[in-house]
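Heads up: the sequence shown at position 153 corresponds to 158 in my numbering, and the numbers run straight through without jumps.
Note sheet for the following structure.
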Amino acid sequence: VDILSVIYKHNVPNEFPKEVVEQTEEISEEIKLEDKYIDCTNEMVVTIDGDDAKDLDDAVSVVKTKKGYRLKVFIADVSRYVTEDSPLDKEAANRGCSVYLADRVVPMLPRKLSNNICSLNPHVMRYTICCDIDFNSKGYPESYDIYPAVIKSKGRLTYKKVNEVYAGNKEVIEEYKEYVPMLNTALELSKKIRKNRETRGAIDFDKPESKVVVDENGEVLDIVLRERGISERLIEDFMLSANEVIGEHFFWMQVPFIYRIHEEPKMEKLRQFFDIAASLGYRTKGKIEEIEPYMLANMLRKFKGEVVETMLSTILLRTMNQARYSINNIGHFALATKYYTHFTSPIRRYPDLMVHRLLKADMHWKNGYSKRDVEEAFLAGAVEHSSIQEQVATETERD
């Protein structure tokens, strides 16, 4: 009842309308290899998620090449099932995103899609869109390809167990032995990608999050720290790489697109932060008026591990603007990148689903998108609504 009251207070739709349920029931679960899709069913592709995740949007494969590494990020092809202007599409657009609450998820899509047909579950064929990136030996992307692919995930790995593998736990290494070679290659690449991102000045707010542990009756048993281990960072590195590649791909095409942007912090808030930091002995070189992400990243490093870290990093986080969706690309300040989008979570975010349709338009995919999907006016209205719904979801989760 407590959770439901919060859901209703924020007007989060909790039931799917009859026509959405009917459309979902008609969707076939059959998956076969079609001409458009590349067959990747024999490749070593895995998902790495939390223990209790049910909507598995993304799967990865990493191999070593002569020049460096090849990363494939496979994302569920949700737009195949959620077609333009259908009841499912209208409902997903209205919801904007899934809402994750203490003991449940209010999904953007019905569970038959989010937890089953679209979810990249192990040992079953699934339709995906692949962002295939070649990195050099230093971890910089050199070339890429984007195409539809059918995969058959070779395992549903968990963050917890992959972290145990990296920590040298013999029991888990034995359990995961078929995946260990790829996990080691993936870690090598991930470290290089992260180092490159830190070098260019990206800001990493490594803030611990809390997780509410409840029993089957919804009674709170505990509140624990949700740790971000090596495997969580690794998947984050790979997803960020795919999002950047696709953002830049569309930027140079000069067509209407959906970017994830993050503006520079406001001058007044920055001054307050620097005054507080200076009073505690942490100063920065350079002018605040010419702020660059690396200046703030360096500040975070200075007080890392110190008594004041939690306070100062929280204040710095609050000086930041909210990231949002926009059709005007002004770059992403915190990530220190010129091009960024959201492509990796179409099961739980509507903008990602729209990006998939724009990719299909780019591939001249018959029936994969509509004229409306590529119109600037439609995209502008949709991104504004999505940004508002994202804010509603955040406030509901906090409540």
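Every residue, glycine too, gets a C-beta built ideally from N, C-alpha and C.
For residue 115, there is no enclosing alpha helix (DSSP H), as DSSP marks it with neither H nor E.
Membership of residue 189 in the alpha helix (DSSP H) is indicated by the continuous run 185-204.
Between residue 388 and residue 318, the C-beta gap is not smaller than 8 Å, which leaves the two residues out of contact. In the DSSP assignment, residue 137 falls within the beta strand (DSSP E) that extends over 130-141. Residue 225 and residue 9 have their C-alpha atoms spaced approximately 16 Å apart. Within the same chain, and ignoring the five residues on either side of residue 320 in sequence, the residues whose Cβ sits closer than 7 Å to its Cβ are 278 and 281.
Contact between residue 339 and residue 205 does not hold, since their C-beta atoms are separated by about 12 Å, which reaches or exceeds 8 Å.
Around the Cβ of residue 355, a 10 Å sphere holds 16 or more other Cβ atoms; the residue is buried. In the DSSP annotation of this structure, residue 25 is not part of any beta strand (DSSP E); the continuous alpha helix (DSSP H) holding it starts and ends at 23-31. Look at residue 210 here: in three-state DSSP terms it is coil, with no helix or strand label. Residue environment analysis places residue 272 among the exposed positions, since fewer than 16 neighbouring C-beta atoms fall within 10 angstroms of its C-beta. Straight across, the Cα-Cα distance linking residue 351 with residue 39 is about 21 Å. Exposed is the label assigned to residue 403, since fewer than 16 other Cβ atoms lie within 10 Å of its Cβ.
In the displayed model, residue 352 falls within coil according to three-state DSSP, outside both helix and strand. In the pairwise beta carbon analysis, the segment 117-124 is classified as not touching the segment 143-159: fewer than three pairs are separated by under 8 Å. In this model, residue 258 and residue 378 are separated by some 16 Å (Cα to Cα). The residue among 55, 270 and 363 with its C-alpha nearest the C-alpha of residue 380 is 363.
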